[in-house]
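Structure first, commentary second.
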Amino acid sequence: MEKRLFHQRHPVVFGLFVLTALFLFLFGGITFFIARLIHPQAYETARGKGIGVLRLQGVIMDADKPIKILTGFRHNPHIKAIVVRIDSPGGAVGASQEIYDEIRRTARVKPVIASMQSVAASGAFYAAMGASRIVADPGTITGSIGVIIKFANLKKIFDKIGYKTEVVKSGINKDIGSMSRNMTPEERQLLQKMINNVLKQFVGAVARSRHLTVAKVKKIADGRVFTGEQALKLGLLDKLGNFTTAVKIAARLGGISTENPPLIYPEDNKFDILHYLSDVKSQVLGSMLWNRMPTLMYQIN
415 MEKRLFHQRH
425 PVVFGLFVLT
435 ALFLFLFGGI
445 TFFIARLIHP
455 QAYETARGKG
465 IGVLRLQGVI
475 MDADKPIKIL
485 TGFRHNPHIK
495 AIVVRIDSPG
505 GAVGASQEIY
515 DEIRRTARVK
525 PVIASMQSVA
535 ASGAFYAAMG
545 ASRIVADPGT
555 ITGSIGVIIK
565 FANLKKIFDK
575 IGYKTEVVKS
585 GINKDIGSMS
595 RNMTPEERQL
605 LQKMINNVLK
615 QFVGAVARSR
625 HLTVAKVKKI
635 ADGRVFTGEQ
645 ALKLGLLDKL
655 GNFTTAVKIA
665 ARLGGISTEN
675 PPLIYPEDNK
685 FDILHYLSDV
695 KSQVLGSMLW
705 NRMPTLMYQI
715 N
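Following the numbering used here, the residues of the sequence shown are numbered contiguously, the last one being 715.
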């Protein structure tokens with residue numbers, strides 16, 4: 415008796431197997447095609463050299479993620495240059511300075527181009543100062559070299575409703591900025607000294623990065639904002655242009671083709687519940703402390 419093959423003995427099972435394999439093949443192809451449409455250059459990186467892209471968006475409260483991405487880009491031999499795409503009004507002093515330091519550290523190893531989008535002001539502008547080159551749109555809102563700290567004074571409201579706080583503190587300045595009383599002249603002077611010190615650091619970073627004198631930077635370090643066009647005339651950036659302009663500059667400085675250079679995006683784009691909860695925690699804590707800490711942020715109140 416002739417032995418029959420598997421597909422002859424089990425035609426239904428074999429048919430299901432073929433259909434499943436065909437579905438997976440088609441699904442994979444469609445997924446790849448859609449991904450190519452979304453990021454047409456992201457899948458070219460396996461073939462050779464490319465440009466890393468870091469997005470710095472929203473209020474800056476935490477520097478951990480940008481630092482992690484920059485560190486990965488810096489040590490990736492396939493990445494020959496980096497573009498930091500910025501759309502942020504600034505944020506916390508420490509976080510802005512940490513990102514600035516990491517961009518500056520990375521720029522010593524490979525070219526880093528800051529690409530300013532709609533807004534790149536205050537702390538975001540500070541961070542951009544670490545880059546090898548800075549590009550902005552003509553209408554980008556940037557600058558805002560300054561520091562701000564503000565407290566709500568609810569004393570009159572508390573007095574009206576009969577609310578009173580009892581404070582036990584270890585030192586005279588421990589409850590500085592309390593919303594239940596007026597600020598004393600001594601407290602205001604203390605905070606002003608702190609603000610001035612942070613401003614000095616900010617001005618120094620701008621002067622060092624843009625090869626300007628401290629005196630020249632001080633003249634515009636009063637919190638004012640500029641358009642990209644104005645900032646270029648002041649020597650605060652290198653060129654007017656969009657993201658494509660920044661990519662071409664990065665490619666040229668990185669020694670790769672400027673025609674459609676491969677772009678490499680961070681690998682941790684997948685939804686991670688732990689990262690999500692960590693971000694939520696940072697935002698909640700940030701909102702609680704926001705008015706009690708000096709910030710580098712462009713604000714319209």
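Glycine is no exception: its CB is placed at the ideal position from the N, C-alpha and C atoms.
Under a three-way DSSP split, which group does V639 fall into? Your numbering for residue 639 matches position 225 in the sequence shown. Correct three-state label for V639: strand.
Alpha-carbon spacing of G618 relative to N656, whole angstroms: Position 204 of the sequence shown holds residue 618. Position 242 of the sequence shown holds residue 656. When rounded, the distance between both Cα atoms is 27 Å.
Could you please give me the residues that DSSP links to K653 through a beta bridge? The residue labelled residue 653 in the question sits at position 239 within the sequence shown. Beta-bridge pairing links K653 to V549.
Collapsed DSSP secondary structure at A449 in the structure displayed: Position 35 of the sequence shown, counting from 1, holds the residue named residue 449. Caution is warranted here: a pLDDT of 44 is assigned to A449, below 50, making its placement in the model unreliable, and the coordinate value is therefore given only provisionally. A449: helix per DSSP, three-state reduction.
Around the Cβ of R547, are there at least 16 other Cβ atoms within 10 angstroms (buried) or fewer (exposed)? As a position in the sequence shown, residue 547 is number 133, starting the count at 1. R547 is buried by the Cβ-count criterion.
Compare the C-alpha of V561 against each of Y679, P680, D636, K569 and name the closest. Against the sequence shown, residue 561 aligns to sequence position 147. Out of Y679, P680, D636, K569, D636 has the C-alpha closest to the C-alpha of V561.
For the alpha helix (DSSP H) containing T520, name the first residue and the last one. As a first step, residue 520 must be located in the sequence shown, where it is residue number 106. Element bounds for T520: 507-521.
Whether or not the region 509-528 and the region 475-495 are in contact is what I'm after, with contact meaning three or more pairs of Cβ atoms, one per stretch, closer than 8 Å; do they touch? Enough Cβ pairs lie closer than 8 Å, so yes.
Report back the beta-carbon spacing between R595 and K569 to the nearest angstrom; my notes put them in contact at under 8 Å. Within the sequence shown, residue 595 is the residue found at index 181, counting from 1. Within the sequence shown, residue 569 is the residue found at index 155, counting from 1. Between the beta-carbon of R595 and that of K569 there is about 6 Å, and that keeps the pair under the 8 Å contact cut.
Cβ shell of R624 (< 7 Å), same chain only, five flanking positions each side left out: On the sequence shown, position 210 is the one that residue 624 refers to. Cβ within range, chain order: G649, L650.
Quick one: what does DSSP say M530 is sitting in, helix, strand or coil? In the sequence shown, counting from the first residue as 1, residue 530 sits at position 116. Looking at M530 - three-state DSSP - the assignment turns out to be strand.
Endpoints, the beta strand (DSSP E) within which T556 is located: As a working mapping, residue 556 is identified with position 142 in the sequence shown. That run of the beta strand (DSSP E) goes 555-557.
Look at I500 and Q531 and say whether their C-beta atoms are less than 8 Å apart. Residue numbering aside, residue 500 sits at position 86 when the sequence shown is read from its first letter. Residue numbering aside, residue 531 sits at position 117 when the sequence shown is read from its first letter. Closer than 8 Å, so yes.
Simplified DSSP state of L605, which is helix, strand or coil: Within the sequence shown, the letter at position 191 stands for residue 605. Note: L605 maps to helix in three-state DSSP.
Should the region 662-677 be called in touch with the region 482-498, which here means at least 3 C-beta pairs below 8 Å? yes
Report the rounded CA-to-CA distance for Y577 versus H489, giving the unit in angstroms. Here the question's residue 577 lines up with position 163 in the sequence shown. Here the question's residue 489 lines up with position 75 in the sequence shown. Their Cα atoms are separated by approximately 57 Å.
Spatial neighbours of I448 in its chain, beta-carbon cut-off 8 Å, leaving aside the 5 residues before and after: For the purposes of this step, residue 448 is taken as the residue at position 34 of the sequence shown. Confidence at I448 is low in this model, with a pLDDT of 48, below 50, so its placement is unreliable and the value that follows should be read with caution. Once the five neighbours on either side are set aside, I448 has no close Cβ partner at all.
For a test of the three-state rule: what should DSSP assign to M597, helix, strand or coil? What you label residue 597 is simply residue 183 of the sequence shown in a count that begins at 1. DSSP places M597 in coil when its eight states are reduced to three.
For the putative contact between V549 and S529, defined by C-beta atoms under 8 Å, what is the C-beta separation to the nearest angstrom? Locating residue 549 in the sequence shown gives position 135, where the first residue counts as 1. Locating residue 529 in the sequence shown gives position 115, where the first residue counts as 1. With 8 Å as the limit, V549 and S529 qualify as a contact, their Cβ atoms being about 5 Å apart.
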